[in-house]
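Residue numbers (the working numbering), protein chains in the order written: chain A, 1 to 147; chain B, 1 to 498.
Following this line, the structure appears as structure tokens:
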């Protein structure tokens, strides 16, 4: 059994079933008059079949040795930061939010003198602000405090 | 003389200052992306996709194409100096290029790889000029059922040639097609899978998907690894111009690599990686002294470097002449063309000759720029390699965020990108390739339109797909490709049972 394949194929089957259920509501139509649900419905059936095939393949395959991934924490923190960032962007404004994101990312990767990561983050935030907002005139949110 | 007229017209477009500048920026960025390991061409092109919304169609595509072929030049620099491939297409260059560098011939290795790239790039541009219009003339006869066949063949090829499991590649292609159905139905205008959300009603956009699946997930994968100190050759580079003996050894490999790369590149799904391996194997096989390979043979640098550049030209043909992207890079270029309201395909050179001939001739200009840029700027590229990853990855994140936000000024786009970043990370972990998904997403809407139009036209008769010669041939090819592995698997089982 290859656990990665079993788990991921189950996901595919679930996704396929959900799509099939939703597509049915959209009027599938038939070959004569294919409706909006026609294409997604038959695709979802194909996806379920592919999922079952991967599942069976996974059952047959030998289990892979779990490799130790010591840095999973970093990935989790980085992902969480990217998800939170857009929700802070409008209340806090571009400069402050970006400073916080950069600070978190850099501090996560290395520990140096206390002033190193903050000053680098300030530099990146200001520099990108000048390039994108002032020079390229991208509309970046100003935030409640006006910057 | 028609051709000459077109070429002159093309140059009149690509030599316009704005286009020339776009080309320059493209090849410069491309080389930088190529030099930096861990930042792929596809990731870089997806990062820049939103920026091109604000530019015209011609300069956008010229710039994106420049990144693509520029990266082939840059990748070899890292392979030779650091023994890490800057791009997946320059893996082979590590074998002999790095050995040459260790023997103090780094200059000659860098020089020959730049010249080989230039020669191959130039010849492949001429190849495109000759071949694309011919294919295009054939494709003008295409109708809806033929297009359906063509898209299905393109998707089949991508799953067939996937480097991992074909089943998984197929599942990803189906998911890509399904993602393309979110939003308004192209035929009837009914909202699908929007669940009352305005963001979903508009459908997914290519930049969010591509940046998430390629850009962000790549960074997340790199975060898991331990940071390694790179060993860079810091000795002074001298003698970038190869001497006469080195030239004599390289001419044959460059010629063969060019032909091999160009034709392999035209095949959908093949891309620029496979030809480099083929070229290396070929040169080693026909060499009188194969034992030198792996110990600094200049032929082992010249052949594959020519092959990957010729291939990057060849892959433009299916996109420009038929409107099917043979790989992810071309899918992004196609996305850029479609965003600007252009329809890649046989009619492109008739309806928008400025785009078609402008892009092709700009590739010639780009190759000249790369040759001039590359040799003197190598010390600068080496400096780029010294940017630490703790600085690199927050910057890539930031660039993704600003890029995607600037498209619609909508923070929900950042969320969508982050979701695809997480999905892309999981996909890489579970060994699912993102390429078939993105390609299917780009083709999805057009495929659905073609299939539904055909069925409405034929009143539900499926025979129509097999009645037209072009469509039938394309579909038959796809069926054979899907059926062959299954059949050969069954046969093997039968014969082993006996």
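Here a beta-carbon is modelled for each residue, glycine too, at the ideal position from N, C-alpha and C.
Chain B beta carbons: is any one of them nearer than 9 Å to that of residue i?
| i | result |
| --- | --- |
| residue 60/A | no |
| residue 134/A | no |
| residue 122/A | no |
| residue 54/A | yes |
| residue 89/A | yes |
| residue 118/A | no |
| residue 17/A | no |
| residue 63/A | no |
| residue 126/A | no |
Quick check on DSSP: helix, strand or coil for residue i?
| i | result |
| --- | --- |
| residue 29/A | strand |
| residue 191/B | strand |
| residue 49/B | coil |
| residue 314/B | helix |
| residue 203/B | coil |
| residue 183/B | strand |
| residue 34/A | strand |
| residue 354/B | helix |
| residue 83/B | coil |
| residue 133/A | helix |
| residue 323/B | coil |
| residue 225/B | coil |
| residue 36/B | coil |
| residue 413/B | helix |
| residue 432/B | coil |
| residue 363/B | helix |
| residue 247/B | helix |
| residue 138/A | coil |
| residue 5/B | helix |
| residue 242/B | coil |
| residue 420/B | helix |
| residue 446/B | helix |
| residue 292/B | helix |
| residue 273/B | helix |
| residue 142/B | coil |
Just to check my reading of the structure: residue i and residue j have Cβ atoms closer than 8 Å, yes? What is that Cβ distance to the nearest angstrom?
| i | j | result |
| --- | --- | --- |
| residue 12/A | residue 43/B | Rounded, the Cβ-Cβ distance is 25 Å, inconsistent with contact. |
| residue 33/B | residue 74/B | 7 Å |
| residue 158/B | residue 355/B | Not really, about 25 Å apart at Cβ, beyond 8 Å. |
| residue 81/A | residue 101/A | 6 Å |
| residue 182/B | residue 452/B | Actually they are not in contact, since the Cβ atoms of residue 182/B and residue 452/B sit about 17 Å apart, beyond 8 Å. |
| residue 382/B | residue 113/B | No, residue 382/B and residue 113/B are not in contact; Cβ-Cβ is about 15 Å, not under 8 Å. |
| residue 98/A | residue 128/A | 7 Å |
| residue 240/B | residue 375/B | 5 Å |
| residue 90/B | residue 79/B | 4 Å |
| residue 414/B | residue 404/B | 6 Å |
| residue 366/B | residue 307/B | Incorrect: roughly 18 Å between the Cβ atoms, too far for contact. |
Check whether the Cβ of residue i lies closer than 9 Å to any Cβ atom in chain A.
| i | result |
| --- | --- |
| residue 397/B | yes |
| residue 105/B | no |
| residue 438/B | no |
| residue 409/B | yes |
| residue 20/B | no |
| residue 418/B | yes |
| residue 330/B | no |
| residue 16/B | no |
Find the residues of chain A that neighbour residue i, judging by a C-beta separation of less than 7 Å, and give them in chain order.
| i | result |
| --- | --- |
| residue 393/B | 105 |
| residue 390/B | 106, 109 and 110 |
Give the residues of chain B in contact with residue i, contact being defined as C-beta atoms less than 7 Å apart.
| i | result |
| --- | --- |
| residue 78/A | 220 and 223 |
| residue 85/A | 401 and 414 |
| residue 113/A | Chain B residues near residue 113/A: none, gap ~14 Å exceeds 7 Å. |
| residue 22/A | 193 |
| residue 50/A | 167, 170, 171 and 174 |
Find the residues of chain B that neighbour residue i, judging by a C-beta separation of less than 9 Å, and give them in chain order.
| i | result |
| --- | --- |
| residue 93/A | Correct list: empty, because the minimum Cβ distance to chain B is about 12 Å. |
| residue 4/A | 429, 430 and 431 |
Name the chain B residues that come within less than 8 Å of residue i, Cβ to Cβ?
| i | result |
| --- | --- |
| residue 57/A | 165 and 167 |
| residue 138/A | 402, 405 and 406 |
| residue 47/A | 171, 174, 175 and 178 |
Please list the partners that residue i has in chain A, where partner means a Cβ-to-Cβ separation under 8 Å.
| i | result |
| --- | --- |
| residue 450/B | Going along chain A, no residue has its Cβ under 8 Å from residue 450/B, so there is no contact; the nearest lies around 11 Å. |
| residue 425/B | 75 and 79 |
| residue 210/B | Residues of chain A passing the Cβ test: none, with the nearest at roughly 16 Å. |
| residue 255/B | Those within 8 Å of residue 255/B in chain A number zero; the least Cβ separation is about 43 Å. |
| residue 421/B | 79 and 82 |
So which residues on chain A does residue i lean against when the C-beta distance must stay under 9 Å?
| i | result |
| --- | --- |
| residue 483/B | Correct list: empty, because the minimum Cβ distance to chain A is about 15 Å. |
Contact set between the region 348 to 362 of chain B and chain A, restricted to residues whose Cβ is under 7 Å from the partner: none
Contact residues within the region 167 to 201 of chain B, judged by C-beta distance below 8 Å to chain C: Absent from the structure is chain C; the protein chains it does hold are A and B.
Under 9 Å (Cβ pairs) to chain A, residues found in the region 461 to 474 of chain B: 461 and 462
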